[in-house]
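For the sequence shown, counting from 1, position 61 maps to 61 in the UniProt record's numbering; every step adds exactly one.
What follows is a single structure, written as structure tokens, with notes after it.
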Amino acid sequence: MAPTELSNSPETKAGWQDGARDRQDLRRLVDTYASALDRQNPKLFASLFDEDGELVLNPPAGTSCPPLVLDGRDGWASVLSVLAPCVVTTHFVGSHTVRLAGDSASGETDCLAHEMYAAHADAARMRVRSIRYRDSYRRTTGAWRFIRRELTVDWTEDRVLTPPTGR
1 MAPTELSNSP
11 ETKAGWQDGA
21 RDRQDLRRLV
31 DTYASALDRQ
41 NPKLFASLFD
51 EDGELVLNPP
61 AGTSCPPLVL
71 DGRDGWASVL
81 SVLAPCVVTT
91 HFVGSHTVRL
101 AGDSASGETD
111 CLAHEMYAAH
121 ADAARMRVRS
131 IRYRDSYRRT
141 TGAWRFIRRE
151 LTVDWTEDRV
161 LTPPTGR
């Protein structure tokens with residue numbers, strides 16, 4: 001049924017509400033992932049994955065390296081070490097699309113990752129990455145978790161940060 005053809009039947013309303021709740025819960029999952037990265041919280045980060053989940057880090061375009069596949073709580077948490085050199089990070093989650101199928105779902109999430117590095121040669125540096133995640137989710141014991149999260153960096157920009165001068 002196309003979105004413009006929804007009826008006002010109780011079944012349709014209940015189904016939409018259930019779907020809306022699932023979408024909201026899945027959005028909370030991807031937002032919590034970003035927060036766990038920014039707060040360097042390995043316990044929270046690992047809790048977002050199902051026990052048999054995996055995190056796949058695709059290599060930069062044009063390289064012949066295979067994807068890095070991380071699984072298990074230690075593997076997922078090791079991702080945080082990549083951000084250790086950063087003074088601060090902010091992962092801003094943009095669009096998030098989801099396809100629901102009962103207790104399973106798939107989706108895509110867009111994110112801008114801002115990574116600030118300490119000053120070298122009198123200037124701090126900011127790296128901005130446009131990240132696309134292809135996600136597979138599973139609901140178990142009433143909670144949604146990642147069963148696969150595949151990260152692709154679409155582009156990267158490096159900026160020199162200069163301190164503000166007097167006004």
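Cβ atoms here follow ideal geometry from the backbone N, Cα and C, with glycine treated the same way.
Check, Outcome
"W76, buried or exposed, once every other Cβ within 10 Å from all chains shown has been counted against 16", "buried"
"Inter-stretch contact (C-beta, 8 Å, three-pair minimum) for the segment 117 to 134 and the segment 145 to 163", "yes"
"Cutoff 6 Å; reference C111; Cβ partners in own chain excluding five residues on either side", "H91, V93, I131"
"Neighbourhood of S7 by C-beta, 6 Å cutoff - its chain only, sequence neighbours within 5 removed", "Note that S7 scores 41 on pLDDT, short of 50, meaning its location in the model is unreliable; the coordinates nonetheless yield the value given after this. Once the five neighbours on either side are set aside, S7 has no close Cβ partner at all."
"Residues bridged to F45 (per DSSP)", "Note: F45 sits in no beta bridge, so no partner."
"Own chain partners of C86 with C-beta closer than 8 Å, once the 5 adjacent residues on each side are dropped", "E115, M116, Y117"
"Proximal residues to L100 (C-beta, below 8 Å), its chain only, five neighbours per side dropped", "G19, D22, R23"
"Under the three-state DSSP convention, the category T32 falls into", "helix"
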